[in-house]
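Numbering (my numbering), first residue to last: 2 to 429. For glycine and all other residues, C-beta sits at the position ideal for the given N, C-alpha and C.
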């Protein structure tokens with residue numbers, strides 16, 4: 002968008018000409034083009050110097066010696082951010098034929114930079130120095146790993162902590178998950194340890210009970226079954242003691258030793274790396290905001306100086322406008338540079354977030370599978386214990402099935418009988 006002198010009226014040399022007609026049919030000097038505002042006012046633009054004027058340049062006038070601006074020059078050359086499309090002529094792309102204001106100010110007198118910035122802010126939003134598209138704006142983003150609920154797709158934004166006082170980054174949420182997993186793993190090991198203590202105490206009590214003299218005098222087939230039952234308690238105690246030992250070596254210890262102290266150090270490295278990138282991003286964003294403010298100030302200064310032409314037309318004022326335009330150009334270049342650096346830093350942060358979050362996801366899968374493996378070992382040992390206990394009970398069960406009250410009575414009678422001659426009646 003070009004900034005034209007904001008004259009309150011057309012110059013006298015132009016006032017007699019028809020608004021939409023070119024009275025002078027002579028060709029314009031090299032580099033000059035003419036355009037017409039929506040009100041029918043004709044103005045002239047030099048594509049090399051970006052000079053804009055109401056007066057028709059004379060053919061004898063020499064083209065400005067200022068070199069052509071490079072193709073990648075700042076789009077803020079006239080205090081605005083141009084939305085030039087590829088392949089569109091610069092002199093056409095840089096001219097806005099918007100409806101002029103009531104005092105017939107020429108196109109470009111009101112910079113569209115603010116309008117474009119507003120449009121950018123309506124489609125994007127920056128939260129904690131990270132830029133996101135607004136919902137429904139721009140192309141729909143596709144998940145990096147669809148249908149997997151992957152960490153790399155769902156932890157880009159920050160969220161408030163439960164107290165709502167500070168923000169917690171998505172990456173910190175992932176780190177907290179790892180630390181919580183480590184703590185839960187430790188608690189599982191403590192649970193198994195308590196289970197081991199119960200087994201050890203149970204084995205100790207079973208062994209002690211097996212030596213009890215209670216009912217030791219029972220005889221016969223029932224006495225044999227009773228003796229076997231007490232012996233099975235001793236054997237069962239041995240089984241439970243072995244079970245507790247295996248729980249310690251095959252379940253508790255692996256849960257305790259999985260990912261030792263170095264694990265937290267590794268997490269801190271991840272944390273510091275991503276945090277440093279966020280700090281760099283915040284610094285880049287601050288630079289962008291500073292450059293944006295500087296550009297706005299330069300644009301405002303350029304507009305003020307342009308408006309001064311309405312009051313007084315002088316070489317000094319025109320020179321001030323040229324200086325202001327150069328400063329606006331420089332401010333625009335600075336803003337583009339800062340935005341480019343910001344985008345580079347955000348891209349680096351994005352890449353590291355994806356890589357690191359995928360690594361944390363892999364670590365979580367390994368943790369869950371490790372715990373699953375050793376809890377299954379617990380159930381395997383428990384089944385083995387049950388089978389051993391069953392084998393200890395089977396002889397008891399067999400002897401109980403062979404208990405015969407009649408036989409026991411026979412054995413007891415033979416051993417304890419006092420005589421088999423029955424009493425008879427007394428004679429007179």
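For residue 160, the three-state DSSP class (helix, strand or coil): Reduced to three states, the DSSP call for residue 160 is strand.
Proximity below 8 Å, CB of residue 339 to CB of residue 284: Result no, Cβ atoms of residue 339 and residue 284 do not sit closer than 8 Å.
At least 3 beta-carbon pairs within less than 8 Å: the region 323-339 vs the region 294-304: Pairwise C-beta distances place the region 323-339 in contact with the region 294-304, as three or more of them are shorter than 8 Å.
Cα-Cα separation, residue 319 to residue 295: If you draw a straight line from the Cα of residue 319 to the Cα of residue 295, it is about 22 Å long.
Contacts around residue 413, its chain only, beta-carbon distance under 8 Å, and the 5 residues preceding and following it disregarded: Once the five neighbours on either side are set aside, the close Cβ partners of residue 413 are 220, 221.
Three-way DSSP call (helix, strand, coil) for residue 85 in this model: Annotation note: pLDDT 36 at residue 85 (below 50); position unreliable, coordinate value reported separately. Reduced to three states, the DSSP call for residue 85 is coil.
Whole-angstrom distance between residue 411 and residue 402, CA atom to CA atom: For residue 402 and residue 411, the distance between alpha carbons rounds to 18 Å.
Neighbour-count burial assignment, residue 216, 16 or more Cβ in a 10 Å radius: Counting Cβ neighbours within 10 Å, residue 216 comes out exposed, since fewer than 16 surround it.
Alpha helix (DSSP H) segment containing residue 444, residue limits: No answer is possible for residue 444: the residues shown for the chain start at 2 and end at 429.
Per-residue DSSP class, three states only, for residue 404: If DSSP states are grouped into helix, strand and coil, residue 404 belongs with coil.
Proximity below 8 Å, CB of residue 144 to CB of residue 355: Cβ atoms of residue 144 and residue 355: not closer than 8 Å.
Short Cβ contact (8 Å threshold) for residue 417 with residue 237: No. Outside cutoff.
Local Cβ density within 10 Å of residue 179, reported as buried at 16 or more and exposed below that: So residue 179 counts as buried.
Cross-strand partners of residue 260 (DSSP beta bridge): BP columns for residue 260 are empty, so no partner.
CB of residue 357 within 8 Å of CB of residue 275, strictly: Cβ distance < 8 Å, so residue 357 and residue 275 count as in contact.
Member of 55, 270, 350, 257 whose CA lies at the smallest distance from the CA of residue 176: Nearest of 55, 270, 350, 257 to residue 176, Cα basis: 270.
Range covered by the beta strand (DSSP E) that runs through residue 46: Going by DSSP, residue 46 is part of the beta strand (DSSP E) stretching over 43-47.
Within 8 Å, strictly: CB atoms of residue 364 and residue 247: No, these two residues do not count as a Cβ contact at 8 Å.
Bridge partners - residue 55, DSSP secondary structure assignment: For residue 55, which the question treats as bridged, DSSP gives no partner whatsoever.
7 Å Cβ shell around residue 244 - same chain, five flanking residues per side excluded: Excluding sequence positions up to five before and after residue 244, its CB lies within less than 7 Å of the CB of 200, 382, 386, all in the same chain and listed in chain order.
Rounded separation between residue 131 and residue 159 - CA only: Their backbone Cα atoms lie some 9 Å apart in a straight line.
Extent of the continuous alpha helix (DSSP H) run through residue 150: Looking at the DSSP string, residue 150 is not in any alpha helix (DSSP H), and its letter there is neither H nor E.
Limits of the unbroken beta strand (DSSP E) element including residue 131: For residue 131, the enclosing beta strand (DSSP E) begins and ends at 131-134.
Segment limits, beta strand (DSSP E) that includes residue 418: Judged by DSSP secondary structure, residue 418 falls outside any beta strand (DSSP E); it is assigned neither H nor E.
Residue closest to residue 259, alpha-carbon to alpha-carbon, out of 370, 134, 150, 45: Between residue 259 and the set 370, 134, 150, 45, the nearest pair of CA atoms involves 370.
Chain-order list of residues whose beta-carbon lies under 8 Å from that of residue 253 (same chain, five-residue window excluded): A distance below 8 Å between beta-carbons, with the five flanking residues on each side excluded, links residue 253 to the following residues of its chain, in chain order: 190, 193, 194, 197.
Under the three-state DSSP convention, the category residue 128 falls into: Residue 128 falls in the strand class under three-state DSSP.
Residue range of the beta strand (DSSP E) that includes residue 429: No beta strand (DSSP E) holds residue 429; DSSP gives it neither H nor E.
Cβ pair residue 251, residue 378 closer than 8 Å: Yes, they are a contact pair.
Rounded straight-line distance, which links the Cα of residue 172 to that of residue 272: Linking residue 272 to residue 172 through their CA atoms gives a straight-line distance of about 8 Å.
Close Cβ partners of residue 161 (< 8 Å) along its chain, the five nearest in sequence each way excluded: Within the same chain, residue 161 has close Cβ partners 167, 168, 169.
Spatially closest choice to residue 137 from 231, 125, 129, by CA coordinates: The candidate whose alpha carbon is nearest that of residue 137 is 125.
7 Å Cβ shell around residue 293 - same chain, five flanking residues per side excluded: The beta carbon of residue 293 is closer than 7 Å to those of 336 in its chain, skipping five residues each way along the sequence.
Boundaries (first-last residue) of the alpha helix (DSSP H) holding residue 222: DSSP places residue 222 in the uninterrupted alpha helix (DSSP H) bounded by 221-248.
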